[in-house]
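Chemist: Residues in the sequence shown are numbered from 479 upward in steps of one, following the numbering used here.
The beta carbon of each residue, even a glycine, is placed where N, CA and C say it ideally should be.
The structure follows.
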Amino acid sequence: MKPINLNELSEQLDCLFDEWLYYLNINTGKIVEIQIEYFNIAEELDENYDISGYLNWEQDEIKTAIDIFENWDNYISLPNKFYIDEYSIMEEFSYSYHDKKVSDKLCSAIRGRGAFRRFKDTIICFGIDDEWYAYKKAKLIEIARNWCEINQIPYSN
């Protein structure tokens, strides 16, 4: 099993989309992204499938999905957005921030609807956006490391 780079994995975990599936190919150590639409198409294909009616890039997506189905043991599904729980990371940052005044403002910003937008506006207002992004990156690397350890995947920094 080839090691995965934690920075690469954490960057992927920061950019997960709802309509996509993400897998780690344990043989190559590479992350594979595929739109659910093409995953579903591949799932419905019979033995005599013909994908020539699709655009070249769509054919590539379908072939990737077919490879995942046919070689399922070579792939591990990456954590999804709910596993990452960015709100909890924002909450942790807000409550633990060293300046009480800023911490109070951050805690207030993350309450209710629009919490993500208000949080972002607040970190920019206080000029702590670089601190936030560094904190978030460290948390994503920690999540990536834990995921690798749970799944017994070797990793490098």
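Starting from Ile602, trace the alpha helix (DSSP H) both ways and give me its first and last residue.
Modeler: Ala593 to Cys603
Chemist: Could you tell me whether any Cβ in chain C is nearer than 8 Å to the Cβ of Ser530?
Modeler: The structure shown contains no chain C; it is built from a single protein chain.
Chemist: Quick one: grab the DSSP three-state call for Lys480.
Modeler: Looking at Lys480 - three-state DSSP - the assignment turns out to be coil, as it is neither helix nor strand.
Chemist: Kindly indicate which three-state DSSP category Asn526 falls into: helix, strand or coil?
Modeler: coil
Chemist: Determine the direct distance from the alpha carbon of Asn549 to that of Pro481, and round the result to whole angstroms.
Modeler: 19 Å
Chemist: Is DSSP giving Ile509 helix, strand or coil here?
Modeler: strand
Chemist: Taking 8 Å as the cut-off, decide whether the C-beta atoms of Trp535 and Gln513 are in contact.
Modeler: no
Chemist: Does the Cβ-Cβ distance between Asn635 and Leu487 come in under 8 Å?
Modeler: no
Chemist: Tell me, please, whether the region 525–533 touches the region 572–589 by the rule of three or more beta-carbon pairs shorter than 8 Å.
Modeler: Touching, no, given that fewer than three Cβ pairs across the two stretches are closer than 8 Å.
Chemist: From Lys508 to Cys626, what does the alpha carbon distance come to, in whole angstroms?
Modeler: 13 Å
Chemist: Note down the Cα distance separating Tyr633 from Tyr575, rounded to an integer number of angstroms.
Modeler: About 30 Å.
Chemist: Within 10 angstroms of the Cβ of Glu620, are there 16 or more other Cβ atoms? Answer buried if so, exposed if not.
Modeler: exposed
Chemist: By how many angstroms is the C-alpha of Ile546 removed from the C-alpha of Ile504?
Modeler: 12 Å
Chemist: Note the first and the last residue of the continuous alpha helix (DSSP H) segment covering Asn558.
Modeler: Neither: Asn558 is in no alpha helix (DSSP H) and is coded neither H nor E.
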